[in-house]
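Quick notes on the structure that follows.
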Amino acid sequence: MKISALLTSAGINIGLCVLFLSLYSVLRKQPANVRVYFGRRIAEENERLRGAFILERFVPSTGWIVKALQCTEEEILAAAGLDAVVFNRILVFSIRIFSLAALLCVFGILPLNYFGKDIKHVRIPSESLDIFTIGNVEVKSRWLWVHCVALYIVCGVACILLYIEYKHIARLRLLHLTSATPNPSHFTILVRGIPKTAKESCSDVVDNFFTKYHSSSYLFHQVVYKVGKVQKIMTGAQKAYTKFKHFTDETVDQGCRTITYRCCLCGTSSNSFKLLNTECEQNRGKTGNESSLKLDDEECTAAFVFFKTRYAALVASEILQTSNPMKWVANLAPEPEDVYWSNLWLPYKQLWIRHIVTLIGSIVFMFVFVIPVTFIQGLSQLELLQQRLPFLRGILKKKYMTQLVTGYLPSVILQIFLYMVAPIMMRFSTVELPTSHSERKRSACCKVLYFTVWNIFFVNVLSGTILSQLNVLSSPKDIPIQLARAVPGQATFFITYVLTSGWASLSSELMQLFGLIWNFIRKYVLRMREDTEFVPSFPYHTEVPKVLLFGLLGFTCSVLAPLILPFLLVYFFLGYVVYRNQLLNVYRTRYDTGGLYWPIAHNTVIFSLVLTQVICLGVFGLKESPVAAGFTIPLIILTLLFNQYCRNRLLPLFRTFPAQDLIDMDREDERSGRTDEIHHRLHSAYCQFPDTEDVPLEKIKIIGEDEEQGSSSGESTGKETREDPKRDLSHPTLKGLPVSRLRHAVKSITFLIRLQKRGLSE
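Numbering (the working numbering), first residue to last: 14 to 775.
Structure below.
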């Protein structure tokens, strides 16, 4: 690829970024888009935000950039949680290390690479990008020691900054633990693999076991019930009541005609926007089936067990309860809002099987994805593309088409294929039986990270065909040499990938294209009311792997092909502003891992450093520089020793809570007299069936066009309000469940369906 093709790709992406940023600064001021760009804040400052979009609504401005930069870390922690602070620190670390690397490598190594061989240079736009890589340095060059020194400086500073960030985040995690209000999850453990007995119920078995072996600290327990159908019916009833809430204390006139709306696209009237009828017609068949409860006769073998102190819960979660590790498996419970209820009642013995299945599925998917990556890799090789597709020779003779195909098209196609990766990995993570939403998202983050590192880096670097991939894997000893030969040549593709997947994706993230389009369709096409409850959460499982992948590309190319560093710096600076704005205004934090994304980032940075050193070792060997290669080996050893020190010194703080802090918090609760209040709150902390407000059917009257119609409607309404003693929802597994509320929920849905049928018969 030539410099002109790179400039073409850069020009397209810069134009898109400027366009999207300008549109965002205008669209964010429009009152109609307030829930798209201020989803988190609108729930807390509804009235004040609505009055802020009056002046200068159609003039692009940079005020949002200033506000994002002025925000402190404490404000981010209060608004978006510790995970948001961790993500912000990853960006800060990347900005610091790559600023140093850019100054050192661009001004120190890039000239050495450019003048590495005694050749005649042409104009820079016509130069090949390979001329700026270490591949242009002569064999046995005396200047290779400069590359080795730069490698030492970059890796050394990276380890120092990494350790500083690790200590800072560990301190924030401890402060988050000690300064927060009493968290029910600190007093609770989740027990799975409870053995079944024919004589006792699951609740009695749990109570007897913990009363016998944890009598001094055991408080009470709450069994998780296998009632998926019940939960679906109650959730559906709650949604139905929310939609029909405005009928309460009202008179429903069946004589009124159905209201129709004009479509804002074609202008014609249509009944397709009958909101009331549409909702009932869609749910009519489902409700009829769900109203007949056929529950499983088995209780779930899982329970939440509550203890008197935090320290007692921690001890119970860390030790084996019995000699059989598959029975009475105890772990600290997730936070109440974080519980993934649909996975709790599944048997614990399926866990290892599901892990194996998802591992195999992920590996198969990673190798299947090699096919589109191989095709995309061929687009960047113009000669190979003309050989395989002869009919393109005439088109590719045009200069601008060559620059577009080789410089912009491959990374765009790859980015389109990558959109399907995150949902598939999230599905795999769900199959693994996570007990919390945050655990599922963190597992998906790891899977997406492994996938992108393999397919974006290794598959593109090692070769362009599946057969050659297998040849490389069959000889692991040659991998460093293969990487040393291929990485400098693939730096051009990585630069275009940073432009497309980095710059352009950040601008589209700021614009919220999907949310903006759906908001327009919802308000002006479907004529639906605004959904005030739904606010999206930050997609850590897609954004964390993306930032870490760019860090990997920056480390591996910093010494070998430093031309990528300025483009990476622009991405990290822009991402620092964009993500802070999104975390403060757009996304709502429903659950938090407590900073557990940082160990993932730390391990990825260490892997990137070691990989960079191995590749440089191979390059120095190919260039026949024994001094540079010899000094690289101790650097690899030192990096691994640093990683081991961090694992021993700081990683345990992210795996569990220190007993010293928990005991101090328990004693402080006893001194302040808050213990009884905390224990009382635990009774309602984990609610599998949240309270739902029932529809007061006796307050609804239905009248028609004549008295006969009104009397018949009144009679039928009176029948609906009476309780049918024959329809008793009793079941052996429903001990402690809100049966009365469930009965009212089913009655409410039945009433709404019958009300809709009468409306259609008119």
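Glycine is no exception: its CB is placed at the ideal position from the N, C-alpha and C atoms.
Of all the options the options, which has the alpha carbon lying nearest to the alpha carbon of residue i?
i	options	result
V533	F33, K340, V47	Residue 533 is actually Phe in this sequence, not Val. When each option's Cα is compared against that of F533, the closest is V47.
G564	I376, I508, F317	I508
F667	S697, T652, I613	I613
T569	L345, V167, T322, G643	V167
A642	V159, S107, L664	V159
R601	G52, G374, I25	G52
P197	T85, H234, L187, E178	H234
P639	A326, I177, K153	K153
I173	P347, F382, R109, E452	R109
T555	C458, P501, A504	C458
T625	A45, A326, R684, A499	A499
I426	V444, R453, P436, I469	I469
Y37	P349, L529, E637	L529
K321	G374, T224, W354, V377	T224
A504	F580, V627, L526	F580
L513	L82, V474, F551, L431	Position check: residue 513 holds Thr in this sequence, whereas Leu was assumed. Here the closest residue by C-alpha is L431.
N26	L157, F586, S518	S518
R603	G28, E350, F382, R680	E350
Y553	R684, E88, G94	G94
The alpha helix (DSSP H) that contains residue i, what's its start and end?
i	result
H554	553 to 571
T201	Per DSSP, T201 belongs to no alpha helix (DSSP H); it is in the beta strand (DSSP E), 201 to 205.
Q673	672 to 685
C629	610 to 635
W531	526 to 533
K180	157 to 192
E331	323 to 331
I366	364 to 381
G52	52 to 55
F547	Here F547 belongs to no alpha helix (DSSP H), and DSSP marks it neither H nor E.
R41	First-last for R41: undefined, no H or E at that position.
P665	665 to 668
N656	639 to 662
H692	688 to 695
D220	215 to 226
S355	354 to 357
Q595	578 to 598
Just to confirm the assignment, what range does the beta strand (DSSP E) spanning residue i have?
i	result
A343	342 to 345
A316	315 to 320
F233	231 to 236
Throw me the rounded Cβ distance for the residue i and residue j pair, which I believe falls under 8 Å.
i	j	result
R540	V342	Wrong, their Cβ atoms sit about 51 Å apart, outside the cutoff.
T645	F633	6 Å
T210	V218	6 Å
V797	V386	Since the first and last residues shown for the chain are 14 and 775, residue 797 lies out of range.
H227	R323	About 14 Å separates the two Cβ atoms, so there is no contact after all.
F145	L576	5 Å
L123	V170	Contact flag wrong, Cβ pair sits at about 19 Å.
V98	L90	5 Å
Y584	W516	6 Å
Can you check whether the CB of residue j is closer than 8 Å to the CB of residue i?
i	j	result
L675	L232	no
L653	V623	yes
M438	V466	no
L34	V560	no
V572	A115	no
Y510	D96	no
V119	L496	no
P347	S449	yes
S442	S451	no
I207	T314	yes
L635	I494	yes
L175	V618	yes
V352	Y699	yes
F670	L203	no
L582	F111	yes
P195	I691	yes
N594	A81	yes
Y50	N598	yes
G129	E151	yes
Taking Cβ positions only, does residue i come closer than 8 Å to chain D?
i	result
S355	Note that chain D does not occur in the displayed structure, where there is just one protein chain.
Could you name each continuous alpha helix (DSSP H) segment of 4 residues or more that falls completely within the region 72 to 148, going from the start of the chain to the end?
Those alpha helix (DSSP H) runs which fall completely within the region 72 to 148 and span 4+ residues are 76 to 83, 86 to 93, 95 to 121, 123 to 127.
Enumerated in chain order, which unbroken segments of the alpha helix (DSSP H) with a length of 4 residues or greater are wholly contained in the region 437 to 523?
Entirely contained in the region 437 to 523, the alpha helix (DSSP H) runs reaching 4 residues are, in chain order, 450 to 465, 472 to 475, 479 to 487, 492 to 510.
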